[in-house]
Amino acid sequence: MLYLFRMLLMGLHFVVAGVLGVLLGLCRPFNPDNSRLCARLYAWPAMCILRLRVKADVGGLTNKTQSCVVIANHQSNYDLFVLGNVVPHRTVCIGKKSLKWVPLFGQLFWLAGNVLIDRGNAHKARQSMLTTTNTLQHKDTSIWVFPEGTRNLGEELLPFKKGAFQMAIAAGVPIVPVCVSSYINHMRLNRWRSGKILIRSLPAIPTAGLSLDDMPMLIAQCREQMRECIESMDRQLQAA
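Residue numbering for the sequence shown follows my numbering, starting at 24 and increasing by one per position.
Take a look at the structure:
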């Protein structure tokens with residue numbers, strides 16, 4: 024019963040947040056800080072409804088002094104709510120072009136200045152990637168990417184795709200890994216307290232001076248650091 028009640032509230036919240044987000048986007052379309060504000064609209068009420076306790080240690084992310092590529096592990100659609108409170112200033116996300124047609128959320132996502140990529144069209148995808156490189160270099164805006172490319176319901180990180188790392192190297196900006204503890208298989212939404220989630224940002228990894236030949240090493244370094252961090256947070260929660 025509690026689970027059903029929460030899902031009803033979440034459905035209502037999703038619609039209300041979507042309407043408010045679209046209104047914000049219409050007032051200042053494509054402003055790169057719309058994404059952060061809309062993320063807050065979704066995240067804070069959702070955490071109250073779901074009764075998920077989120078402890079974030081992301082000082083290096085929120086206090087970043089330059090554009091960067093933020094990479095995070097992707098577990099479920101709940102990531103929108105879990106990570107919404109740590110999206111930093113002037114940070115946009117990359118998503119599939121088809122998202123644009125999701126009622127309310129898709130229009131909000133587009134008006135918030137996020138980057139929509141047509142993955143079925145290689146030429147348009149390359150053009151979008153060139154646009155994001157220009158954004159990183161000249162518009163004081165960071166890009167948030169889930170390098171696994173899809174939701175991961177397991178405990179092991181999936182192989183990372185190259186896009187985020189190509190952008191970072193081309194623009195010469197650092198990569199900031201953000202790690203979320205494994206929560207999707209441990210949430211208990213039919214209980215009053217649904218669970219605890221840890222979020223931690225890691226030190227920025229510079230890319231200045233790197234070439235595409237260095238990309239496999241960079242991907243392996245980022246993935247290993249994130250894997251170790253996630254496993255450490257999971258052990259911390261189990262011990263508690």
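Glycine included, each C-beta is placed from N, C-alpha and C at the ideal position.
Buried versus exposed call for residue i [16 or more other C-beta atoms within 10 Å across all chains shown]
i           : result
residue 232 : exposed
residue 57  : buried
residue 154 : exposed
residue 167 : buried
residue 52  : exposed
residue 214 : exposed
residue 107 : buried
residue 133 : buried
residue 187 : buried
residue 255 : exposed
residue 27  : exposed
Span of the alpha helix (DSSP H), counted from its first residue to its last, around residue i
i           : result
residue 192 : 186-194
residue 76  : Unbroken run through residue 76 is the beta strand (DSSP E), 75-80; no alpha helix (DSSP H).
residue 228 : No alpha helix (DSSP H) holds residue 228; DSSP gives it neither H nor E.
Selected residue, minimal CA-CA separation from residue i, among the options
i           : options            : result
residue 126 : 257, 42, 106       : 42
residue 103 : 113, 124, 174, 80  : 174
residue 170 : 118, 132, 137, 193 : 118
residue 110 : 220, 241, 224, 236 : 224
residue 115 : 83, 67, 54         : 54
residue 240 : 204, 217, 172, 185 : 185
Straight-line Cα distance separating residue j from residue i
i           : j           : result
residue 71  : residue 29  : 10 Å
residue 98  : residue 75  : 15 Å
residue 77  : residue 202 : 13 Å
residue 250 : residue 101 : 20 Å
residue 120 : residue 60  : 21 Å
residue 199 : residue 46  : 31 Å
residue 234 : residue 228 : 14 Å
residue 25  : residue 69  : 15 Å
residue 195 : residue 211 : 42 Å
residue 222 : residue 236 : 31 Å
residue 135 : residue 124 : 14 Å
Continuous beta strand (DSSP E) stretch holding residue i: start and end
i           : result
residue 167 : 165-168
residue 109 : Note, residue 109: premise wrong, no beta strand (DSSP E); not H, not E.
residue 223 : 218-224
residue 116 : 114-119
Distance cut-off 7 Å: residue i Cβ against heavy atoms of the ligand NAP
i           : result
residue 173 : As presented, the structure is devoid of all ligands, the ligand NAP included, so that no description of it is given.
Item checked: Segment contact flag, the stretch 89-98 with the stretch 152-164, C-beta cutoff 8 Å, min 3 pairs -> yes
Check: Are the stretch 178-190 and the stretch 38-54 touching by the rule of at least three beta carbon pairs closer than 8 Å?
Finding: no
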